[in-house]
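Input: a single structure, listed below in structure tokens.
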Amino acid sequence: MDFRYTPEEEAFRQEFRAWLAPHLHAHRAQWGEDEDEFTQHPSSPASLAWHKRLYDGGWVGLQWPKEYGGRGATQMQQVIYTEESMRLGAPPEVNGMGINMVGPMLMHYGTAEQRTTHLRKILSADDIWCQGFSEPGSGSDLASLSTRAVQDGDDYVVSGSKIWTSNAHNAQWCLLLARTDPEVPKHKGITCFLLDMQTPGITIRPLLQMSGDAEFNQVFFDQVRIPKRRILGQLNEGWRVAISTLSHERGGMRQFMRLHRMVHMVEDLARERGVSKDGVMRQQLAQLHIDTEVQRLTVLRALTRQLRGAPPGPEGSIQKLCFSRVYMRAAQVAEQTLGPYSQLDKGAKHAVADGHWTFQSLFARRYGIAGGTDQIQLNIIGERQLGLPK
Ligand SMILES: Cc1cc2nc3c(=O)[nH]c(=O)nc-3n(C[C@H](O)[C@H](O)[C@H](O)COP(=O)(O)OP(=O)(O)OC[C@H]3O[C@@H](n4cnc5c(N)ncnc54)[C@H](O)[C@@H]3O)c2cc1C
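Residues in the sequence shown are numbered from 710 upward in steps of one, following my numbering.
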């Protein structure tokens, strides 16, 4: 790996740095630093306000081509952007699903009409997107999904149900997978649709999580009509779109940014509570620090492969697995730091940071499930990388 930056890359860093500091300062002066920075709810006024600032400054969709409203930035510029955001603890944009997953899919598989209709509104977050993949009976084994789409004239009529659909209640659009041919092997009869969430026949039921949050939902489809022109890619070729979408979901640098921020907050907490010099605590903090650095290097190793045009290596699954485990451990170190106070929820009289750490330790568990569970990552590493038997 070459860790040096070119003069052009350093110039890009200075440009973003000069923009970021005053804008973040102004944002914080108005909104403070709050929980929504973790959940990134697109319905949160603070998150949306920060997104709009980034958008107006031309800092959303960094790697999107300029013709679609992006900045046409390189991979290295994306890395620099992330480094600078991390340095100041800036929150990410909202509509991550739209920007990082749906947008690239539209550019790759979409028709000219689909791109014109959707891309700009994804960047501006005027259209929030959700991902309708998982079903009550199909998660890890996604290809077994059973929501049906049956052709009727110029439409497809959808019946069935999706679950864990993040932000469905805020979304204008959904990237939906449905079975269009039940007679062929399971991977071959799936089609990907662009679904307008205002279409009649859609019912959204929120699912309350143990953190008290309700960011995801079960979504029911009762004879929901989708025009044929809203198929993304080819009929019965939705599995291809699904796999490409998921490869964008396991996005290394963004996850690293979250982990880095979390670990720094835990270090600050230990210092504030006067336990950072305790022998056992020092070991744990040092280990978190080391693991975060290893994560950074793994992300950069994957990036180097990509820049050299090599096929994806084992880094994606290793990084996803390490991310979820180290994040969880960071939450546990915070719990130990606070002792019994870590159990006091938002609103409780003696809750530390208004229950932030209680929320974090429950919230952290999501990362071992979303985007492919830890066990599935272990399977991939074991079977595909190490050549172990199934
Ligand atoms: C916070 C969060 C947000 C999400 N957002 C979305 C979203 O927006 N859209 C969407 O479509 N989905 C979303 N999901 C769903 C997520 O993709 C699924 O939960 C995940 O793929 C696991 O599927 P499942 O819940 O059906 O569990 P299952 O697949 O039923 O797995 C249950 C358990 O069995 C284990 N297991 C399953 N198969 C194997 C195997 N072959 N070998 C070893 N162990 C195995 C799993 O690791 C897990 O521990 C979200 C999930 C979370 C937690």
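Note that CB positions come from ideal geometry on N, CA and C, so glycine has one too.
Buried or exposed: which applies to residue i, given that a residue is buried once 16 or more other Cβ atoms fall within 10 Å of its Cβ?
i	result
T912	exposed
V803	buried
V893	exposed
R1075	buried
P800	buried
R980	exposed
F930	buried
T715	exposed
D890	exposed
T825	exposed
S1051	buried
K775	exposed
R1093	exposed
E924	buried
Q1004	buried
K1099	exposed
R760	For the sequence presented, residue 760 should be read as His rather than Arg. So H760 ends up on the buried side.
S849	exposed
Using the three-state DSSP reduction, which class does residue i fall into: helix, strand or coil?
i	result
L1095	coil
P731	helix
K871	strand
A1057	coil
P1049	helix
F1068	helix
T783	coil
Q1028	helix
V866	strand
T912	strand
E742	coil
T900	strand
D977	helix
L944	coil
D905	strand
R713	coil
L797	helix
L771	coil
E718	helix
L955	helix
Starting from residue i, trace the alpha helix (DSSP H) both ways and give me its first and last residue.
i	result
Y818	G812 to Y818
L994	G988 to L1016
D922	Premise fails: D922 is in no alpha helix (DSSP H) and is neither H nor E.
E844	Element bounds for E844: n/a, residue is neither H nor E.
L757	P754 to D765
E822	A821 to L832
Measure from the alpha carbon of residue i to the alpha carbon of each residue in the options, then state which is nearest.
i	options	result
A1073	D1000, M971 and R1005	M971
E742	L771, Q787, K761 and L797	L797
G988	M785, Y764 and T1046	T1046
E699	T826, E724 and A1040	A question about residue 699 goes unanswered here, because the residues of the chain that appear run from 710 up to 1099.
M814	L941, R1017 and V1008	L941
M962	D1063, A1039 and E1024	E1024
P754	G1048, L1016, D1063 and W740	W740
D1000	I935, K761, T783 and R1038	R1038
G1064	R713, G1096, P909 and A1040	A1040
E717	P1049, G781, A735 and Q786	Q786
K937	T874, W1066, R914 and V859	V859
G819	G947, N1088 and T1082	G947
Output the boundary residues of the beta strand (DSSP E) element that contains residue i.
i	result
A887	W882 to R888
G841	W838 to G841
V928	F925 to P936
I1090	Counting along the chain, I1090 falls outside any beta strand (DSSP E), and DSSP gives it neither H nor E.
R982	Where R982 is concerned, there is no enclosing beta strand (DSSP E), given that its DSSP letter is neither H nor E.
D861	R857 to D861
L854	Premise fails: L854 is in no beta strand (DSSP E) and is neither H nor E.
Does the beta-carbon distance from residue i to residue j come in below 7 Å?
i	j	result
R857	G869	yes
L854	L885	no
V933	C901	no
H957	M806	no
W882	D836	yes
M919	L1071	yes
Q964	F1032	yes
I808	P845	no
L828	Y777	yes
A995	V928	no
D952	Y865	Before going on, a small fix: residue 952 reads as Ile here, not Asp. No, Cβ-Cβ distance for I952 and Y865 is not below 7 Å.
L997	A1043	no
L955	Y1036	no
I1090	S1026	yes
S833	Y790	no
Any heavy atom of ligand 2 closer than 6 Å to the CB of residue i?
i	result
A880	In the structure shown, ligand 2 is absent; the only ligands present are ligand 1.
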